[in-house]
Amino acid sequence: MRSRPDRQCVGQPCPSLRTPGGLLATGCQRGAEGTPDGMQSIKCVVVGDGAVGKTCLLICYTTNAFPKEYIPTVFDNYSAQNTVDGRTVSLNLWDTAGQEEYDRLRTLSYPQTNVFIICFSIASPPSYENVKHKWYPEVCHHCPNVPILLVGTKKDLRSNPEALKKLKEQNQIPITTQQGVGLSKQIHAVKYMECSALNQEGIKEIFIESVRAVLNPTPVKPKKNCVLL
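The opening residue of the sequence shown carries number 19 in this note's numbering; numbering runs sequentially from there.
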């Protein structure tokens, strides 16, 4: 597991899945647990296709720095204190690998999750489609009652000439905000948000809303089917 600078981190990184405690944890939960010092602990797991910007999102949030290179993630963990609406919590952030070869390993991080962030890249229509066909079904299957936040990453590429040119060559266009909102309703997400890690736009707000989704849960609506057509 790689170590990264973590300006906002408190103490050491969260235990990795390679520790017995991580592997033995079971069950997903909507409420937050308490830490030994009495502070509420919230586990937030970030999922989505590889290279959509999950790690950039987490690094920008915890260090206020944009990573220069892309290194596929296996698992990384971060721990940071976050004060939302006057309540301070210990926010445990879990980064996951989106590549298919990590499918079985990735789901080992799901037990004890309080909130999921499902990411897609605004400049990658296939990653948007995979929210419906892969990520929502996977999360729904393992943790059916855990709140979900849907996030469109790389918002800056919506107006980037080079990105638009590449999409046009494939007869594609960037995902619109309206499409994101529509998908969030389909997967029963508590909210749809967009961000740009490169421009440091919308990053902190995502994790504030993630904490709120746990501290102030909305009534659970029955999910008729984890598979969307």
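Even for Gly, the Cβ is constructed at its ideal location relative to N, Cα and C.
Taking only the alpha-carbon atoms, compute the straight-line gap between residue i and residue j and give it to the nearest angstrom.
i	j	result
HIS160	ALA231	18 Å
ASP140	TYR154	A small fix is needed here, since residue 140 is Ile in this sequence, not Asp. So the two alpha carbons sit approximately 17 Å from each other.
ASN234	GLU87	37 Å
LEU133	SER228	According to the sequence shown, residue 133 is Val rather than Leu. VAL133 and SER228: Cα-Cα distance of roughly 7 Å.
LEU182	SER214	16 Å
ASN82	THR106	20 Å
GLU119	ILE221	28 Å
PRO144	GLU156	17 Å
LYS152	ASP174	25 Å
ARG176	ASP121	29 Å
PHE138	PRO85	18 Å
LEU167	ILE136	6 Å
GLU212	GLU219	8 Å
Below 8 Å between beta carbons: does that hold for residue i and residue j?
i	j	result
SER108	VAL63	no
THR91	THR125	no
VAL199	THR236	no
ILE205	VAL164	no
TRP112	LYS72	no
By alpha-carbon positions, which one of the options ends up nearest to residue i?
i	options	result
LEU216	PRO192, LEU167, ASP103 and ILE77	ILE77
PRO129	CYS46, CYS158 and ALA69	CYS46
ASN110	ILE226, VAL245 and CYS244	ILE226
VAL70	ILE193, THR171 and VAL245	THR171
MET57	LYS203, LYS72 and ALA98	ALA98
ASP260	VAL245, GLU223 and CYS244	Residue 260 cannot be examined here, being either before or after the span of the chain that is shown, 19 to 247.
ASN100	TYR210, SER59 and LEU123	SER59
Under three-state DSSP, which class holds residue i?
i	result
LYS186	helix
VAL107	strand
ILE74	Residue 74 is actually Cys in this sequence, not Ile. CYS74 falls in the helix class under three-state DSSP.
TYR210	strand
ASN95	strand
VAL149	helix
Tell me whether residue i, by its Cβ, gets closer than 7 Å to a heavy atom of the ligand ADP.
i	result
PRO192	The model depicted lacks the ligand ADP and carries no ligand whatsoever.
Counting only runs that start and end within the stretch 153 to 186, where is the beta strand (DSSP E) found for 3 or more residues in a row? 166 to 171
Whole alpha helix (DSSP H) runs in the stretch 97 to 142 with 4 or more residues, listed along the chain? 121 to 124
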